[in-house]
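All remarks here apply to the structure that follows.
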Amino acid sequence: MIVNFITALGARVTRPILTLGICFRFFLDVLARSGVVFKRPRLVIEQIHFIGNYSLIIIAVSGLFVGFVLGLQGYYTLTRYGSEEALGVMVALGLVRELGPVVTALLFAGRAGTSITAEIGLMKAGEQIAAIEVMGINPLRRIVVPRFWGGVIAMPILALIFSAVGIMGGWLVAVVLIGVDGGSFWSQMQSAVDIRDDILAGFIKSVVFGLAVMLVSVYEGWMSRPTPEGVARATTRTVVVSSLLVLALDFLLTAVMFGG
377 MIVNFITALG
387 ARVTRPILTL
397 GICFRFFLDV
407 LARSGVVFKR
417 PRLVIEQIHF
427 IGNYSLIIIA
437 VSGLFVGFVL
447 GLQGYYTLTR
457 YGSEEALGVM
467 VALGLVRELG
477 PVVTALLFAG
487 RAGTSITAEI
497 GLMKAGEQIA
507 AIEVMGINPL
517 RRIVVPRFWG
527 GVIAMPILAL
537 IFSAVGIMGG
547 WLVAVVLIGV
557 DGGSFWSQMQ
567 SAVDIRDDIL
577 AGFIKSVVFG
587 LAVMLVSVYE
597 GWMSRPTPEG
607 VARATTRTVV
617 VSSLLVLALD
627 FLLTAVMFGG
């Protein structure tokens, strides 16, 4: 019993380390075969259009309602201190620094990440990947690399749209519905939001989140079992692992960028 317990404990400890090592090697293989991005950019552009087009509506609508909530809650909070004119600053910084990249990445993982995992998993289950190998085409270069870089490029664009729509939502609630002075809303936002410290930081976050989500998505699809149950489990793992990874990376990046 003791030997079996030690064996089971060792397996639980070494399995995650082994998975991380395999994932890292997979990431290196993807980078090594990324020359197709420059040789055949049409493949990546198609994936950017596919991922961005199908994720745009949910990103825009979510950003609008997040802006509504920020404007409403921020007004009630700032009114206590007589600082409701700073509402534009709070909405803009909250979206550009944190909520824009994080919420977009979570929605991106749930919409685009699962779609890519299921697509690659079903291609593997249908033996399409094996057929591509028989034809002498590298499936990693033809299938995985365009989807990986398409998602990485689309992620910052979607985060920018989310933040822009969210700011407009905050303006609608604050200025149009509540009656905050529109000039103060925009002028204080322009003076407080810095391109390098705020907008660039949010852009870097969105790129890192895009890399993390797309790596998990293509890896889970590539390593999934070629069965309907295996594809379903890989899709579920994509959402769970990507969401936790995004939140953990957000904490680390925030500590590095804004920790002083």
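For the sequence shown, the working numbering gives the first residue as 377, with consecutive numbering after it.
Glycine included, C-beta positions come from ideal geometry on N, C-alpha and C.
None of these values were measured; they are calculated from a predicted model.
Buried or exposed by the 16-neighbour rule on C-beta atoms within 10 Å, applied to residue i
i, result
"P515", "buried"
"I492", "buried"
"Q564", "buried"
"A624", "exposed"
"P477", "buried"
"G597", "buried"
"R391", "exposed"
"I433", "exposed"
"T612", "exposed"
"T480", "buried"
"L591", "buried"
"R572", "exposed"
"G447", "buried"
"R456", "exposed"
"T603", "exposed"
"V617", "buried"
"T614", "buried"
"L404", "exposed"
"L475", "buried"
"L628", "exposed"
"R473", "buried"
"A588", "buried"
"V442", "buried"
"V389", "exposed"
Cβ shell of residue i (< 6 Å), same chain only, five flanking positions each side left out
i, result
"I529", "I424"
"R409", "L516, R517 and V521"
"M499", "I505"
"V420", "V413, P522, W525 and G526"
"I427", "A488, G526, G527 and A530"
"F444", "G545 and V549"
"A535", "G476, P477, T480 and S582"
"R416", "none"
"I554", "Y451"
"S593", "G489, I492, T493 and T614"
Rounded Cβ spacing between residue i and residue j (contact assumed at less than 8 Å)
i, j, result
"S539", "L471", "4 Å"
"F484", "S431", "6 Å"
"D569", "L469", "The amino acid at residue 569 is misidentified as Asp; the sequence shows Val. 7 Å between Cβ atoms; contact."
"V467", "I543", "6 Å"
Neighbourhood of residue i by C-beta, 8 Å cutoff - its chain only, sequence neighbours within 5 removed
i, result
"V551", "D557, G558 and F561"
"E509", "P515"
"G606", "G497, A501 and S600"
"I519", "I496, M499, I505 and I508"
"P532", "F579, S582, V583 and G586"
"E422", "P522 and G526"
"L440", "V541, G542, M544 and G545"
"F634", "R473 and A577"
"Q449", "none"
Residues near residue i in its chain [Cβ-Cβ closer than 7 Å; skip 5 each side]
i, result
"A462", "L454 and Q564"
"Y595", "C399 and F402"
"E460", "Y451, L454 and V556"
"A436", "I537 and V541"
"L482", "S619 and V622"
"A610", "T493, G497, E596, G597 and S600"
"T395", "none"
Quiz item: Counting pairs of beta carbons, one from the region 481-499 and one from the region 570-577, are three or more of them closer than 8 Å?
Solution: Segments in contact, no.
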